[in-house]
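One structure is given here, and the rest of the page talks about it.
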Amino acid sequence: MANLPSNPALRRTLSLAPALGIIGIFMLIPVGIIAVFSFLEAKSFGGVVWSFSTDAYVQLLYERALDDSLILSPGYLIIIWRSFLLAGIAMLCCLVVGFPVAYFISRQPLQHRNMWILLITIPFWTNQLVRTFAWIIILGRNGIIEAPFHWVGILGSDDTLGLMYSNFAIAVGLTYTFIPLMVLPIYASLEKLDFTLVEAAADLYSSKWEAFSKVIIPLSKPGIIAGCLLVFIPSLGAFIQPDLLGGGKNMMLGTLVQFQFSTARNWPFGAAIAMILLAAVVIFLMIYARAARGQQKMELH
Amino acid sequence: MKTMTFFGLMAGSSLIAGAAMAEGTLNLYNWTDYTSPEMIDKFEAETGIDVVLDTYDSNETLLAKMQAGATGYDIIVPSHNFVPIFISEGLVQKVDATQMENFANVQDRWKNPEWDPDQQYTVPFHWGSASVSYRPDLYGKELTSYGEYFEPSENVKGRIGVFKTPEEIVNLAHLYLGQDFCNENPEEMQKVQDLLVAQKPDVVAYSSEGMNDRLINGDTIITSHWNGYSFKGRKLAEEAGKEITYAYPEEGVIGWSDSLMIPVGAENVENAKIFMNFIMDPKNMGMQSNFAGYGGPIEGQREFMNADLRDAPEINVPEDAKMIFSFACNEKSQKLIDRVWTNVLR
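Those protein sequences? They're chains A and B, same order as listed.
Note that the numbering used here has the first sequence beginning at 21, numbered continuously upward.
Note that the numbering used here has the second sequence beginning at 94, numbered continuously upward.
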């Protein structure tokens, strides 16, 4: 202790150094590389040419015609829109399924809750790819869902419900993969919730719905928002589910980035899309921070 | 004292590593499921060289890794259309295969190929073809043209499988339309795009994996396929009481050939050359073919191949069938391919 510098400013800097170092090395530098690459020119067979260019960002909105004029092209915007839509659907599905689960667990006797939480996290122990493959067996032709229809004879031997290789299958896959990320933060909020407040609401003649919507929901809002973000953000960049369950028919942001770095060999464009994705995530985090601050203010009143 | 032991161990282990290197290591970087363990065992037993295997799943991955400066590999196995890129990008070194003892075993058609005319950089490895495979029991007749694949009739609608590698699928479209590969003509590329966009509603999945699974369970009736992969699928289908046939449509099939190359900066160049010479022995290449399910370039290797593979229709191109080799497209045509692909999948 005696060796610590007496200057408080220096002491603070030194004690923050490990955290700053980690953020710098593992976050700022890689993101910086991506940002720099997105403003360079693409080399023919992968890699970058070190000259400044905004081509990668222009390419997002415009297509270069053969006479080098620029034409507005919605292609990539459609991909971005589809990614947001599917991520949003996955988020809502997770919320609808996850909230009751979290509520149920938080109402269990204390000694049982850890067991339930353990059960929620068990799927995390298996590789995501394997779990996604399992859905092919469930949703696929002659799969677990279809088999009874074949037995009863509603489906002919060569017919299918067509559940696999669709947007539906992608949504199912995303919901399944990310649902623990919704349950856990909501549970954390609900566990701290003082249920005597709900009883108080009932004493004051609120209906069950009013108690739910005016007491439970507002008090668990930080958990709900955190859960929504934790599901929405990775869904936005997901590429295993669209590829395996969606049949790779429609690109999403994650598959688009992968395509640019591998087959299309356009690193700057891939980096530019990654930057757009990052910007979207930062915007959502700022919305969250603002909502959380509003929450704190409300609690102080 | 503890630190002393630790450093002692460190020094010891680095000595061992050094010794192993002197005796011989070969760092082989090859495609997934593409290296016969039996052949590697034989090589290790004969030469005393330890083989360390690492794998990749596409030429693009290999190229990206090499360009990012990956080192520690002594042999890489790019496809013929990527060979000129590796040479022009300065990523590989000369090996001069013609000076190797076993080079005389290479069949004439695989000597001095157009992608390495003087045989300075490559040693030929497996070759094969890409076309379409189908379920004759569901399709009901013989497939003779790509027409049914790109413009499916009623009973195949919605049950088409397509590669996820744009170059190959664009080349199949060119074959069907009677156009040149690596096309730089925007109008002809537009025709390819129109064809693929029109086909899309009938496509179950764009994927270069699991083609056999989807054929066998009936998700697809016709799918783009590689000959060796389709050979494995036919075996699996037979076990399930179904059929898979690899088609040789009248428009032709796309040929490909993989080569062994030595990257710049390889640490064990001599061992790599020993391996190259070893693989050009008929017995060794035959063994390798048995594992990979693809034909090879060595005269006399048939003798050492399993009968079912040796006589398989998938690897024996019929006399009257055309096999057309693709080549590395220049930047302009590559960009057109990428744009077509993005427009199809957006």
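Think of the CB as a built atom: it goes at the ideal place given N, C-alpha and C, for glycine as much as any other residue.
8 Å contact criterion, which residue i and residue j should meet: CB distance rounded
{"i": "residue 310(B)", "j": "residue 187(A)", "result": "No, residue 310(B) and residue 187(A) are not in contact; Cβ-Cβ is about 21 Å, not under 8 Å."}
{"i": "residue 242(A)", "j": "residue 312(A)", "result": "6 Å"}
{"i": "residue 251(B)", "j": "residue 295(B)", "result": "5 Å"}
{"i": "residue 224(B)", "j": "residue 346(B)", "result": "4 Å"}
{"i": "residue 93(A)", "j": "residue 272(A)", "result": "With a Cβ gap of about 18 Å, residue 93(A) and residue 272(A) do not count as contacting."}
{"i": "residue 431(B)", "j": "residue 171(B)", "result": "In fact, because the Cβ distance is near 20 Å, the residues do not count as touching under 8 Å."}
{"i": "residue 259(A)", "j": "residue 275(A)", "result": "5 Å"}
{"i": "residue 168(B)", "j": "residue 353(B)", "result": "5 Å"}
{"i": "residue 256(B)", "j": "residue 267(B)", "result": "Actually they do not touch by this definition, with Cβ atoms about 14 Å apart."}
{"i": "residue 361(B)", "j": "residue 117(B)", "result": "7 Å"}
{"i": "residue 200(A)", "j": "residue 141(A)", "result": "6 Å"}
{"i": "residue 253(B)", "j": "residue 313(B)", "result": "6 Å"}
{"i": "residue 390(B)", "j": "residue 217(B)", "result": "4 Å"}
{"i": "residue 188(B)", "j": "residue 355(B)", "result": "5 Å"}
Helix, strand or coil at residue i according to DSSP, with G and I counted as helix
{"i": "residue 334(B)", "result": "coil"}
{"i": "residue 381(B)", "result": "helix"}
{"i": "residue 218(B)", "result": "strand"}
{"i": "residue 202(A)", "result": "helix"}
{"i": "residue 513(B)", "result": "Nothing can be reported for residue 513(B): it is not among the residues displayed for chain B, which extend from 94 to 439."}
{"i": "residue 148(B)", "result": "strand"}
{"i": "residue 122(B)", "result": "strand"}
{"i": "residue 349(B)", "result": "strand"}
{"i": "residue 232(A)", "result": "helix"}
{"i": "residue 148(A)", "result": "helix"}
{"i": "residue 243(A)", "result": "helix"}
{"i": "residue 176(B)", "result": "helix"}
{"i": "residue 254(B)", "result": "strand"}
{"i": "residue 341(B)", "result": "coil"}
{"i": "residue 185(B)", "result": "strand"}
{"i": "residue 224(B)", "result": "strand"}
{"i": "residue 218(A)", "result": "helix"}
{"i": "residue 273(B)", "result": "coil"}
{"i": "residue 199(B)", "result": "strand"}
{"i": "residue 408(B)", "result": "coil"}
{"i": "residue 142(B)", "result": "coil"}
{"i": "residue 132(B)", "result": "helix"}
Top-ranked residue by Cα proximity to residue i, from the options
{"i": "residue 368(B)", "options": "164(B), 215(B) and 183(B)", "result": "215(B)"}
{"i": "residue 59(A)", "options": "312(A), 313(A), 293(A) and 304(A)", "result": "293(A)"}
{"i": "residue 211(A)", "options": "55(A), 48(A), 74(A) and 128(A)", "result": "128(A)"}
{"i": "residue 192(A)", "options": "111(A), 66(A) and 52(A)", "result": "111(A)"}
{"i": "residue 50(A)", "options": "295(A), 122(A) and 180(A)", "result": "295(A)"}
{"i": "residue 402(B)", "options": "323(B), 213(B) and 297(B)", "result": "323(B)"}
{"i": "residue 404(B)", "options": "382(B), 421(B) and 413(B)", "result": "382(B)"}
{"i": "residue 246(B)", "options": "335(B), 390(B) and 291(B)", "result": "291(B)"}
{"i": "residue 133(A)", "options": "277(A), 207(A) and 47(A)", "result": "207(A)"}
{"i": "residue 281(A)", "options": "64(A), 251(A), 37(A) and 261(A)", "result": "64(A)"}
{"i": "residue 399(B)", "options": "234(B), 117(B), 416(B) and 378(B)", "result": "378(B)"}
{"i": "residue 302(B)", "options": "228(A), 265(A) and 27(A)", "result": "265(A)"}
{"i": "residue 95(A)", "options": "53(A), 79(A), 166(A) and 228(A)", "result": "79(A)"}
{"i": "residue 148(A)", "options": "159(A), 198(A) and 185(A)", "result": "198(A)"}
{"i": "residue 194(A)", "options": "297(A), 109(A) and 82(A)", "result": "109(A)"}
{"i": "residue 318(B)", "options": "126(B), 144(B), 407(B) and 173(B)", "result": "407(B)"}
{"i": "residue 211(B)", "options": "316(B), 180(B), 329(B) and 299(B)", "result": "180(B)"}
{"i": "residue 115(A)", "options": "301(A), 146(A), 196(A) and 70(A)", "result": "196(A)"}
{"i": "residue 237(B)", "options": "373(B), 414(B), 436(B) and 126(B)", "result": "414(B)"}
{"i": "residue 53(B)", "options": "419(B), 365(B) and 425(B)", "result": "There is simply no residue 53(B) to check, as chain B begins at 94 and stops at 439 in what is shown."}
{"i": "residue 54(A)", "options": "303(A), 298(A), 314(A) and 307(A)", "result": "298(A)"}
Near the ligand FMN: residue i beta-carbon under 7 Å from a heavy atom
{"i": "residue 102(A)", "result": "You won't find the ligand FMN in this model; it holds no ligand whatsoever."}
Inset, instruction - Give the residues from the region 397-419 of chain B that approach chain A closer than 8 Å (Cβ to any Cβ), ordered along the chain. - result: Those would be none; no residue qualifies.
Legend entry - Contact set between the region 177-194 of chain B and chain A, restricted to residues whose Cβ is under 8 Å from the partner: Here the close residues are 178 and 182.
Inset, instruction - Please specify which runs of the beta strand (DSSP E), each continuous and at least 3 residues long, are wholly inside the region 70-135 of chain A, giving them in chain order. - result: As summarised for the region 70-135 of chain A, the continuous beta strand (DSSP E) elements at least 3 residues long and confined to that stretch are 82-84 and 90-92, given in chain order.
Inset, instruction - Return the chain-ordered ranges of every beta strand (DSSP E) run that is complete within the region 23-70 of chain A and spans a minimum of 3 residues. - result: Within the region 23-70 of chain A, the complete beta strand (DSSP E) runs of at least 3 residues are 60-62.
Legend entry - Proximal residues, the region 149-167 of chain A versus chain B, C-beta separation under 8 Å: For the region 149-167 of chain A, the residues whose beta carbon sits under 8 Å from a beta carbon of chain B are, in order, 160, 161 and 162.
Inset, instruction - Quick one: which residues of the region 276-300 of chain B get their C-beta closer than 8 Å to a C-beta of chain A? List them in chain order. - result: Per Cβ criterion, the list reads 279, 293, 296, 297, 298, 299 and 300.
Legend entry - Contained alpha helix (DSSP H) runs [length at least 4] in the region 356-405 of chain B, N- to C-terminal order: Here the runs fully enclosed are 362-372, 375-385 and 400-403.
Legend entry - Continuous alpha helix (DSSP H) assignments of at least 4 residues falling wholly in the region 284-328 of chain B: Entirely contained in the region 284-328 of chain B, the alpha helix (DSSP H) runs reaching 4 residues are, in chain order, 304-310.
Legend entry - Within 9 Å of chain B by C-beta, residues of the region 252-276 of chain A in sequence order: The residues in question are 263, 264, 266, 267, 268, 269, 270, 271, 275 and 276.
Legend entry - Against chain B: residues of the region 279-290 of chain A by CB proximity under 8 Å: Cβ contacts with chain B: 279, 281, 282, 283, 284, 285 and 286.
Legend entry - Chain-ordered residues of the region 60-72 of chain A with a beta carbon less than 9 Å from chain B: Of all residues in the region 60-72 of chain A, the ones placed with a Cβ closer than 9 Å to any Cβ belonging to chain B are 63, 64, 65, 66 and 67, in chain order.
Legend entry - Residues of the region 143-154 of chain B with Cβ closer than 8 Å to any Cβ of chain A, in chain order: Result list: 151, 153 and 154.
Inset, instruction - Enumerate, from N- to C-terminal direction, the unbroken alpha helix (DSSP H) stretches of 4 or more residues contained entirely within the region 156-203 of chain A. - result: Runs found: 167-172.
Inset, instruction - Name, going along the chain, the residues of the region 80-112 of chain A whose beta-carbon falls closer than 8 Å to a beta-carbon of chain B. - result: Answer in chain order: 83, 86, 95, 96, 98 and 99.
Legend entry - Residues from the region 177-208 of chain A in contact with chain B, defined by Cβ distance under 7 Å: Residues passing the 7 Å Cβ filter: 178 and 185.
Inset, instruction - Any chance you could list the alpha helix (DSSP H) runs of at least 4 consecutive residues sitting entirely within the region 248-311 of chain A, in chain order? - result: Counting only runs of 4 or more, we get 260-264 and 273-281.
Legend entry - Residues within the region 232-246 of chain B neighbouring chain A, beta-carbon criterion of under 8 Å: Contact residues of the region 232-246 of chain B toward chain A are absent (C-beta to C-beta distance below 8 Å).
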